[in-house]
Amino acid sequence: MPELPEVEVTRRGIAPHVEGRVITGLVVRNHALRWPVDPTLPKVLKGLRIARTQRRAKYLLLDCGRGWLIIHLGMSGSLSVLNRGAPPRLHDHIDLELDSGELLRLHDPRRFGAFLWTQALPAEHELIAHLGPEPFDAQVTGTWLRAQLKGRKAPVKNLLMDTRLIVGVGNIYASEALFHARVRPGRAGGRVTLAECHRLIAAIQATLAKAIEAGGSTLRDFVGADGSSGYFQQTHFVYDRAGAPCRVCGHAIKLARFSQRSTYYCSYCQQ
DNA sequence: CTTTGCACCTGTTGGC
DNA sequence: TGCCAACAGGTGCAAA
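Quick note on numbering that gives the first Met the number 0: the first sequence kicks off at 0 and runs consecutively.
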């Protein structure tokens, strides 16, 4: 589920419920996430106050004063805010209990997600330290992207999804952004022109912003919601539309695979 | 260093 | 209806 917009919408959804709250307990029903959940975490977290929430790439960050919780939703994770005592369902792996009487619940069938604790700053954490810039950073421009892609032979689609280059562009938005920029996904990175780089950055920013806005508008009360309400229902231009007519020119959308990931494009609009 | 393929895991879908 | 293979929105890691 989670591409960057959903993670950001989730952050905004949980923020009013967790910021300023004191952690009264942590229940871990299944430790076997992508990395084992630290068995000492319930003891470590009890009594700490969550000062604020942040997001870096697709990592949710909870500032607990003495350290930070780093939460990743993987492919199938979601967070919800529930009242204490709500019965856990299958794949509800972790409850973070709060002094408000609510709890933050992690649900993740595939268990590719992560629930980590660090006493350093998140920016210094091994998983975060080597990440590229956020799509909305001031340094992220067409000129910057052109410099990053120079000399690279890998498909530009793969490079856009490389988190060391830039974060937040998942499999859906890579296809969508390349369509809007009118660039074929299989083109070697080094062969993307400056004008196309400008269009790519504009497309990435516009697509992400629109999705966050759409998700945010469905976010009245996050309690009980699973954090995936609405935003992903927005219509895509190419993603998951193989064989369907291009919304711009009418030609059939094509499906290809790059590094075993489904990739959609219009062979007429994108060169 | 860059690029590629695999791995983790469960649930859903489509073809036979 | 049942069975099985292929696939699913992420990303760290090993190997080439």
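Glycine included, every Cβ here is placed at the ideal spot set by N, Cα and C.
Bounding residues of the alpha helix (DSSP H) (the contiguous stretch that carries S174): Your numbering for residue 174 matches position 175 in the first sequence. Run containing S174: 170-180, per the alpha helix (DSSP H) assignment.
Can V155 and G188 be called in contact, C-beta distance under 8 angstroms? Counting from 1 along the first sequence, the entry for residue 155 is found at position 156. Counting from 1 along the first sequence, the entry for residue 188 is found at position 189. For V155 and G188, yes; Cβs fall inside 8 angstroms.
Return the bridge partner residues of R20 from the DSSP annotation. The residue labelled residue 20 in the question sits at position 21 within the first sequence. Answer is none; R20 lacks a bridge partner.
Going by DSSP, name the residue or residues bridged to K57. Here residue 57 is taken as the residue at index 58 of the first sequence, counted from 1. In the DSSP output, where bridge partners are listed per residue, K57 has none listed.
Let me check understanding here. Comparing Cα to Cα, which of Y264, R260, R256 lies closest to A243? By 1-based counting over the first sequence, the position of residue 243 is 244. Out of Y264, R260, R256, Y264 has the C-alpha closest to the C-alpha of A243.
Are G12 and G73 close, meaning C-beta to C-beta below 8 angstroms? For this step, residue 12 is matched to residue 13 along the first sequence. For this step, residue 73 is matched to residue 74 along the first sequence. No; because the gap between Cβ atoms is not below 8 angstroms, this pair is not in contact.
Give me the Cα-Cα distance between S75 and E5, rounded to the nearest whole angstrom. Your numbering for residue 75 matches position 76 in the first sequence. Your numbering for residue 5 matches position 6 in the first sequence. Answer to the nearest angstrom: the Cα atoms are 12 angstroms apart.
Where R145 falls: helix, strand or coil (DSSP): Residue numbering aside, residue 145 sits at position 146 when the first sequence is read from its first letter. In the structure shown, R145 sits in a helix (DSSP, three-state: H, G or I).
Do E125 and G24 count as a contact pair if the criterion is CB distance below 8 angstroms? Translated into positions along the first sequence, residue 24 becomes position 25. Translated into positions along the first sequence, residue 125 becomes position 126. Taking 8 angstroms as the Cβ cut-off, G24 and E125 do not qualify as a contacting pair.
Separation of A173 from H250, as counted between CA atoms: Start at 1 with the first residue of the first sequence, and residue 250 comes out as number 251. Start at 1 with the first residue of the first sequence, and residue 173 comes out as number 174. Cα to Cα, the separation comes out at about 20 angstroms.
Leaving aside the five residues before and after G64 along the sequence, list all residues of the same chain whose C-beta is less than 7 angstroms from its C-beta, in chain order. To locate residue 64, count along the first sequence from 1; it is residue 65. Sequence-distant Cβ neighbours of G64 in its own chain, meaning closer than 7 angstroms and more than five residues away, are L47, R48, A50.
What three-state label does DSSP hand S294 in the structure shown? Outside the shown range of the chain (0 to 270) lies residue 294, about which nothing can therefore be said.
When the Cα atoms are used, what is the spatial distance from K149 to L158? Here the question's residue 149 lines up with position 150 in the first sequence. Here the question's residue 158 lines up with position 159 in the first sequence. Taking the straight line from one Cα to the other gives about 11 angstroms.
Give the straight-line distance between the Cα atoms of R198 and I70, rounded to the nearest whole angstrom. Walking along the first sequence from the start, residue 198 turns up at place 199. Walking along the first sequence from the start, residue 70 turns up at place 71. Spanning the two alpha carbons is a distance of roughly 32 angstroms.
So is R163 buried or exposed if we call it buried at 16+ other beta carbons inside 10 Å? Counting from one through the first sequence, the residue named residue 163 turns up at place 164. R163 should be labelled exposed.
Skipping 5 residues on each side, what residues in its chain have a beta carbon closer than 8 angstroms to that of Q270? Position 271 of the first sequence holds residue 270. Closer than 8 angstroms at the Cβ level, and outside the excluded window around Q270, lie R181, V182, R183.
Do you know how far the Cα of W67 is from the Cα of W34? Walking along the first sequence from the start, residue 34 turns up at place 35. Walking along the first sequence from the start, residue 67 turns up at place 68. Distance between the alpha carbons of W34 and W67 is about 16 angstroms.
Any idea what DSSP makes of T117, helix, strand or coil? For the purposes of this step, residue 117 is identified with residue 118 of the first sequence, where counting begins at 1. It is a strand residue.
In DSSP terms, what T206 is bridged to: Mapped onto the first sequence, residue 206 falls at position 207. Answer is none; T206 lacks a bridge partner.
Assign R57 to one of two classes, buried (16 or more other C-beta atoms within 10 Å of its C-beta) or exposed (fewer than that). Here the question's residue 57 lines up with position 58 in the first sequence. Arg is not the amino acid found at residue 57; the sequence shown has Lys there. With 16 or more Cβ atoms within 10 Å of its Cβ, K57 is classed as buried.
What is the DSSP secondary structure of S258, counted as helix, strand or coil? What you label residue 258 is simply residue 259 of the first sequence in a count that begins at 1. Here S258 sits in coil by DSSP.
Do I93 and V139 have their CB atoms nearer than 8 angstroms? Along the first sequence, read from residue 1 onward, the residue named residue 93 stands at position 94. Along the first sequence, read from residue 1 onward, the residue named residue 139 stands at position 140. No.
Quick one: grab the DSSP three-state call for E195. For the purposes of this step, residue 195 is taken as residue 196 along the first sequence, with counting starting at 1. Residue state, collapsed to three classes: helix.
Reduced DSSP secondary structure (H/G/I, E/B, other) of E133: Here residue 133 corresponds to residue number 134 of the first sequence, with the count starting at 1. In the three-state reduction of the DSSP assignment, E133 falls in the coil class, being assigned neither a helical nor a strand state.
Roughly how many angstroms separate the alpha carbons of N82 and C248, rounded to a whole number? Within the first sequence, the letter at position 83 stands for residue 82. Within the first sequence, the letter at position 249 stands for residue 248. Distance between the alpha carbons of N82 and C248 is about 50 angstroms.
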